[in-house]
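Numbering (the working numbering), first residue to last: 675 to 1119. Yeah, the Cβ is synthetic: ideal placement off N, Cα and C, and Gly gets one too. Beneath this line is the structure, given in structure tokens, with notes to follow.
Structure follows, in structure tokens:
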């Protein structure tokens, strides 16, 4: 009787456990990559695939799992996602080769897609007030993203990189236990969506061929690289053709006739392009070039994530008083300043320079993240909000995957990492300018 009385609270804790690990792992793994690089003596292209395979699987399956949850039940699919999350962490933590880590990060990408697609819907079903549910969702992700770098640095300093993956396992087990016992099942009973499996496969093929071409561009014969880009273009054309015939397409072409949705999606694409690239490159520079410890790196990266956790709720409230443009535009100016400061990084740079660049990165991220999402989704009617959200998150994940592939490939193509790092910062400065222009064009309605 006592447990039944608190079933709703225990259910919320279980859902939040899965979300917490999802958010922590992103910032923890990026901070740990230099340690994995040193321990396994692996190449940077192989390390790129740790994150790129994660991104490819996330963006190509996100909408599919959201719709599977609507048909078969959100609780069932969410539990499957938690099981995949646990397996991915265990496999990566016990891995002795980079190939094994890449394989299990593919599973992590699928679990990330499931949790990202379903967690908010499960919370809004459990918590009667929608705004409170979304606020909790954002707060948990923001807080766990914030503490990830420090936890990663501590675990590597005290133990080794394996514990970055193994330490969160008890949280996943707790989530599985609580969700399976206390969460209520929920489905979309009114309008069962159809699955766009062909669209998902074509999207994955398009991105995979493009990313493979970018990463292996300097390593494979140019004829093979040209073939990969050609196949990517062919798959993209086929995707656009097929999507016109699908009842519930992954990429809704009609959404892109809405200029506000298109521009807001472009700003998020640019932001996540910057986030994934900088989150990979900054820890590498600090540990490989500046010879700093994993703990030092984790502390510096806290200056990125803490502003995101602290400022995001206030920025969301501010959105209702000022236009999206007036938040997103200064956000990209701040990101641009961060990229320009990172251009000044050297192996002997002061901690103050590292902190200032990280702090500006986090503040700029905070100004863009919430307003761009709200601007994209709020412009559409309620009956199209779910479809728009899925498409928007897919674009977001594509931005991160493409950004990581391009910038890290440029970084490793130069004679030394310092020169390559600075070349990549010019790319991030350019993408910040693209986002800035998109923000300027974004109208208020």
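- Contact between residue 752 and residue 762 is ruled out by a C-beta separation of about 15 Å, above the 8 Å threshold.
- Residue 967 and residue 1032 have their C-alpha atoms spaced approximately 17 Å apart.
- In the structure shown, residue 836 adopts helical secondary structure according to DSSP, grouped into three states.
- The beta carbons of residue 883 and residue 860 sit about 37 Å from each other, so the pair does not count as a contact at 8 Å.
- Taking 8 Å as the cut-off, the Cβ atoms of residue 1116 and residue 934 count as close.
- If one requires a minimum length of 3 residues, no beta strand (DSSP E) run lies completely within the segment 902–974.
- The beta carbons of residue 1079 and residue 888 sit closer together than 8 Å.
- Per the coordinates, the alpha-carbon of residue 749 lies some 20 Å from the alpha-carbon of residue 697.
- Taking C-beta atoms as the reference points, residue 1028 and residue 974 count as a pair closer than 8 Å.
- In terms of Cβ geometry, residue 850 and residue 757 form a close pair [threshold 8 Å].
- With a cutoff of 8 Å on beta-carbon distance, residue 790 and residue 736 are scored as near each other.
- Only residues of its own chain outside the window of five on either side were considered, and among them 1021, 1091, 1092 have a CB closer than 6 Å to the CB of residue 963, listed in chain order.
- Residue 998 is a Cβ neighbour of residue 1048, given a cutoff of 8 Å.
- If you draw a straight line from the Cα of residue 937 to the Cα of residue 730, it comes to about 23 Å.
- Taking a 10 Å sphere around the C-beta of residue 838, we find 16 or more other C-beta atoms and assign the residue as buried.
- With fewer than 16 other beta carbons inside 10 angstroms of its own, residue 1026 counts as exposed.
- Within the model, the alpha-carbon separation for residue 874 versus residue 1064 is close to 12 Å.
- Annotation: the continuous alpha helix (DSSP H) that includes residue 704 extends over 681–714.
- Annotated as distal: residue 1003 and residue 1102, with beta-carbon spacing of 8 Å or more.
- Linking residue 754 to residue 848 through their CA atoms gives a straight-line distance of about 14 Å.
- The C-alpha of residue 1046 is placed about 11 Å away from the C-alpha of residue 1070.
- Put simply, of 917, 1088, 759 the residue whose alpha carbon is nearest the alpha carbon of residue 869 is 917.
- Between the C-alpha atoms of residue 775 and residue 831 there is a straight-line separation of about 20 Å.
- Along the segment 851–904, the alpha helix (DSSP H) occurs as fully enclosed runs of 4 or more residues at 871–889, listed in sequence order.
- The C-beta distance from residue 685 to residue 857 rounds to 4 Å, short enough to fall under 8 Å.
- DSSP places residue 997 outside both helix and strand once states are collapsed to three, so it counts as coil.
- Ranking 781, 1062, 954, 768 by CA distance to the CA of residue 1084 puts 954 first.
- Counting only residues of its own chain and dropping the five nearest sequence neighbours on each side, residue 772 has a CB closer than 6 Å to the CB of 714, 716, 720.
- Non-local beta-carbon contacts of residue 690 in its own chain, meaning distances under 6 Å to residues more than five positions away in sequence, involve 814 in chain order.
- The residue from 990, 687, 1039 with its alpha-carbon nearest to that of residue 855 is 687.
- With a 10 Å radius around the Cβ and a threshold of 16 neighbouring Cβ atoms, residue 724 comes out buried.
- In this chain, the alpha helix (DSSP H) harbouring residue 726 covers 718–746.
- Residue state for residue 842 is assigned as coil, using DSSP reduced to three classes.
- Sequence-distant partners of residue 1030 (beyond 5 residues in either direction) whose C-beta falls short of 8 Å from its own C-beta, in its chain, are 1015.
- The beta carbon of residue 957 is closer than 7 Å to those of 704, 705, 707, 708, 971, 975 in its chain, skipping five residues each way along the sequence.
- Rounded to the nearest angstrom, the Cβ distance from residue 886 to residue 909 is 12 Å, too far for a contact under 8 Å.
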